[in-house]
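Chains as they are written, first to last, in this note's numbering: chain V, 2 to 403; chain F, 2 to 403.
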């Protein structure tokens, strides 16, 4: 059960490391989210769940089919991740939510005893499944695995997420690809808001879990405002910003993030879905985002793209084949501590599984280190300094070849 | 440098665990191999190298291209492995021995600081490369990776293995597939013996490493005897039995092993190349073998075949999909401690990398646990009891479905 916070009584809070933070002015009651400090619009917080605390801003690695690809759960934890995202769409098809439930729930199934957020399945139905038919009732579709017929609706999605014993459940929504016409986005958003109401109605309040609503409305401030109003009137433990990172430019996404977080309740966590690249993350935090998820660090780990403080590296490039240096001399992950770029180049070229294992680990470590630095800088009210350093370190790209 | 043992003075030796062993009668001098106890023909021993000791009978996991597939080196060590085998053929083609040497040698390249045995490349040239031309001088072949032309000879093979900084080097040999005509086997064996002499001649004795000769002669006792005589006259730090596990029945292999180890020096380690299944290993140890290697546990880990005390399991079978039990309740590997058969079935069916990681770890753990039990039973002079238990546990196959 979520720990309910009482009124914040002091304007200063001590954290474990003994530093003192400027307290945000808002009174927060009966919420499992604690806002600790701000720096500009960036927010330092803590989400409390029955399975542990989540330091925010948080990046959630994606464990699509009950595994963060190429990683053992213990290793994911070692990178600093507090929470994973798992995909309802994949799990409902294989091995099925009912089977996972019979086996004791998703956490024990995949050996991750900390918080899990499940998406609603809506996004993947749109992007992966075949022969979709969308009505206000829900979506009928065919599995991308074996063509079998399935349906998802607000009620069924919540049932699945509860069978999985997820800690943070998402409302079932429709996410239109951008660009799209205003009327299309408006109509889709309004259907998602009806679905949000139906999701809340079947959410089992007694289990002490959290249900997040999802704001839609494309790039339109007015539609986003209407969506936010509707969600606030229903009431959720957290609010996601959906419908971004679906093909638009970063500048367009940032323009939305300049207003969208402010349309959502200040005292609740704000989750930007499906984001993103390191600079997307920094820009999103700067605009008041608390949580994010993306397959980028894990997928890139399998395709040879590596993230460091200096930007992205393509490990298959010949410049690495004789390079005895680590990917990043200051990184503490096993790929950097134990291996040269030459080795990582060799095992990537040889299509060895260890390549995916090491590069995924490094990328997840980079992402979690990034979040840690972000949180520290907010704690010190020096987030803008951090942003300046972040961009200046990337300016010249990777270290020079030997 | 190998630690040179002085004469064994006592007929009893204390091991670390305080047990007392019956000493074998032979006087062993100036050898890095110490024979500790026997039980029937089975031998308990210890190989000392400058990079650590190897408890024998030993199973060597295969790290073909400078990685034990789907495993981090630390995890391989945790299973109990003292030594790895790496493949000269693969490494000479990619990333090349010269490159590995420039980068500081194979151990630091692949982050394994314990002993490594390298094969000579001969076997893989025969099984993998294209357009081979074999003369007494050596073999010219085209790479299976990019068709580029290469040559291997006794001299070049030793040069490569020394560039890699291998701890145990193998003589370059030819290994004919079975069945083959007597004359073919005889001719091939005699060429391999000439090559063994040339290998010894270019082996750098000053580096404190070990060179192993390889007995050939197919299934023929007389040819095996001739080969052993020749090798003994040259003199090696250890002796391998080659030319088995190349398509013959287990019974044919065991018939050879009934006489071949006895043709080799009693005080030197005997290495049976490319073996094998768990019952092959037990049968080989029973016939006096000290070292083995095989891709079976690692390859099977990627194809869903699992080894337990009860025999082999195919994890993709539907009987496992709802089974909450571990592969083996007594196994201490992460796959058994943290996951159900249902989960392992799911991730195998979903082609998730974690499936290869967990099943490989389990299989290597099973193999190393097997070797530990074998060594313990020899130490207690109860190897035949162990063999009986080993077979009786496998009699009824896997545990019953739920």
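Glycine residues also receive a C-beta, built at the ideal position from the N, C-alpha and C atoms. Nothing here was measured: the structure is a model prediction, and the numbers come from that model.
| Query | Result |
| --- | --- |
| Proximal residues of chain V, C-beta to C-beta of residue 372 of chain F below 8 Å | Those within 8 Å of residue 372 of chain F in chain V number zero; the least Cβ separation is about 24 Å. |
| Within chain F, partners of residue 354 of chain V - CB distance below 9 Å | 68, 70, 71, 72, 303, 354, 357, 358, 361 |
| Whole-number beta carbon distance between residue 306 of chain F and residue 313 of chain F, since they are thought to touch under 8 Å | 6 Å |
| Residues near residue 80 of chain V by beta carbon distance below 6 Å, same chain, minus five either side | 365, 366, 369 |
| C-beta neighbour in chain V for residue 323 of chain F, strict 8 Å | yes |
| Environment of residue 344 of chain F [buried if 16+ CB atoms lie within 10 Å] | buried |
| Complete runs of the alpha helix (DSSP H) confined to the region 273 to 343 of chain V [at least 4 residues] | 279 to 287, 297 to 304, 335 to 339 |
| Residue 47 of chain F, enclosing beta strand (DSSP E) - first and last residue | 43 to 50 |
| Within 8 Å of chain F by C-beta, residues of the region 106 to 136 of chain V in sequence order | 110, 111, 112 |
| Contacts that residue 104 of chain F makes with chain V (C-beta to C-beta distance below 7 Å) | 325, 341, 343 |
| Within chain F, partners of residue 95 of chain V - CB distance below 8 Å | 347, 350, 351 |
| Distance between residue 379 of chain V and residue 35 of chain V (C-alpha atoms, nearest Å) | 14 Å |
| Residue 56 of chain V - containing beta strand (DSSP E), residue span | 53 to 57 |
| Where residue 271 of chain F falls: helix, strand or coil (DSSP) | strand |
| Presumed contact (8 Å Cβ cut-off) between residue 174 of chain V and residue 197 of chain V, rounded CB distance | 7 Å |
| Bounding residues of the beta strand (DSSP E) (the contiguous stretch that carries residue 153 of chain F) | 150 to 153 |
| Stretch-stretch touch, CB-based, cutoff 8 Å, three pairs: the region 200 to 214 of chain V with the region 158 to 172 of chain V | yes |
| Whole-angstrom distance between residue 94 of chain V and residue 100 of chain V, CA atom to CA atom | 11 Å |
| Straight-line gap, residue 26 of chain V to residue 132 of chain V (C-alpha atoms, nearest Å) | Caution applies to residue 26 of chain V, whose pLDDT of 36 falls short of 50 and renders its modelled position unreliable; the model cannot decide the point. |
| Inter-residue CB distance, residue 371 of chain V and residue 336 of chain V (contact presumed, cutoff 8 Å) | With 8 Å as the limit, residue 371 of chain V and residue 336 of chain V do not qualify as a contact, their Cβ atoms being about 16 Å apart. |
| Residue 335 of chain F: contacting residues in chain V (beta-carbon distance under 7 Å) | 73 |
| Test: residue 100 of chain F CB closer than 8 Å to a CB of chain V | yes |
| Helix, strand or coil at residue 395 of chain F according to DSSP, with G and I counted as helix | helix |
| Same chain, Cβ closer than 7 Å to residue 398 of chain F, five either side skipped, listed in chain order | 311, 312 |
| According to DSSP, residues forming a beta bridge with residue 136 of chain F | F:139 |
| Enclosing alpha helix (DSSP H) for residue 367 of chain V [first to last residue] | 354 to 380 |
| Sufficient close CB pairs (3 or more, under 8 Å) joining the region 128 to 144 of chain F to the region 101 to 110 of chain F | no |
| Span separating the alpha-carbon of residue 258 of chain V from that of residue 334 of chain F | 46 Å |
| Cβ separation of residue 47 of chain V and residue 67 of chain V, assumed to be a contact under 8 Å, to the nearest whole Å | In fact, because the Cβ distance is near 27 Å, the residues do not count as touching under 8 Å. |
| Rounded separation between residue 194 of chain V and residue 402 of chain F - CA only | 47 Å |
| Expected contact under 8 Å - CB spacing of residue 285 of chain V and residue 274 of chain V to nearest Å | With a Cβ gap of about 11 Å, residue 285 of chain V and residue 274 of chain V do not count as contacting. |
| Residues bridged to residue 384 of chain V [DSSP beta-bridge criterion] | Residue 384 of chain V pairs with nothing; no bridge assigned. |
| For residue 240 of chain F, the residue or residues it bridges with in DSSP | F:214, F:271 |
| Local Cβ density within 10 Å of residue 146 of chain F, reported as buried at 16 or more and exposed below that | exposed |
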